[in-house]
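S.K.:
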Amino acid sequence: MKIFLTEMTKDGKTFAGPNIVAESIEEAEEAAESNNLTLLGEFKEIFIANDLMSYLDEQLSDKVLH
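One gets the working numbering by counting positions in the sequence shown from 1 and adding 411 to each.
Structure follows, in structure tokens:
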């Protein structure tokens with residue numbers, strides 16, 4: 412399973428939406444559309460070491476968030 416990030420707009424303001432857990436981006440797109448959400452991409456990993464934050468920079472598709 413993968414985690415996909417979404418956002419939503421209400422009263423002209425954009426907010427973080429719920430995460431979608433799905434097997435593929437196609438499933439996540441369908442779930443986002445059904446719930447009036449904007450799919451941002453797949454969540455990867457964030458590493459924190461010595462108070463520095465970095466992310467895994469390994470792109471698996473054209474919709475990947477870091």
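Even glycine gets a Cβ: it sits at the ideal position worked out from N, Cα and C.
What three-state label does DSSP hand E437 in the structure shown?
M.R.: Secondary structure of E437 (DSSP, three-state): helix.
S.K.: With a threshold of 16 other CB atoms inside 10 Å of the CB of L448, please say whether the residue is buried or exposed.
M.R.: buried
S.K.: For E453, which three-state DSSP category applies?
M.R.: Of the three classes helix, strand and coil, the one that applies to E453 here is strand, per DSSP.
S.K.: Going by the CB atoms, is the gap between L451 and E418 shorter than 8 Å?
M.R.: yes
S.K.: Pull up the distance between the alpha-carbon of N430 and that of N461, whole angstroms please.
M.R.: 28 Å
S.K.: Excluding five sequence neighbours on each side, which residues of the same chain lie with their C-beta closer than 6 Å to the C-beta of K413?
M.R.: E453
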